[in-house]
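Here the sequence shown is numbered in my numbering, starting from 50 and rising by one per residue.
Read through the structure below, which is laid out as structure tokens, and then see the notes.
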Amino acid sequence: MCVAVGLQLNAADVVDADSQAKAVALDAARAAKDFAQADEIRNELQTLGWLVETTKAGTTLRRA
50 MCVAVGLQLN
60 AADVVDADSQ
70 AKAVALDAAR
80 AAKDFAQADE
90 IRNELQTLGW
100 LVETTKAGTT
110 LRRA
């Protein structure tokens, strides 16, 4: 497992640049307490087939 930019990756869970950027934006929205924006980004990621887990340490993406 590799950890980069707050994302935990498995070999099968390679995160494309667009999804990674969305995960970073989700973390920024949460930090700004803009939870409506964070929820919108989470929904976009889920639509793209990602399981999204957010913690104080950041966002983790795994393939659904």
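Just so you know, even glycine gets a beta-carbon here, dropped at the ideal spot from N, CA and C.
Predicted model only: the values in this text are computed from it and were never measured.
When only Cα atoms are considered, residue 74 and residue 90 end up about 8 Å apart. Take residue 97, set aside five residues on each side of it, and the residues of its chain with a beta-carbon closer than 7 Å to its own are 68, in chain order. By a beta-carbon distance limit of 8 Å, residue 100 does not contact residue 72. Their separation comes to about 12 Å.
Bounds of the beta strand (DSSP E) holding residue 101 are 99-104.
Your pair residue 87 and residue 78 checks out as a contact, with CB atoms roughly 4 Å apart and the cut at 8 Å.
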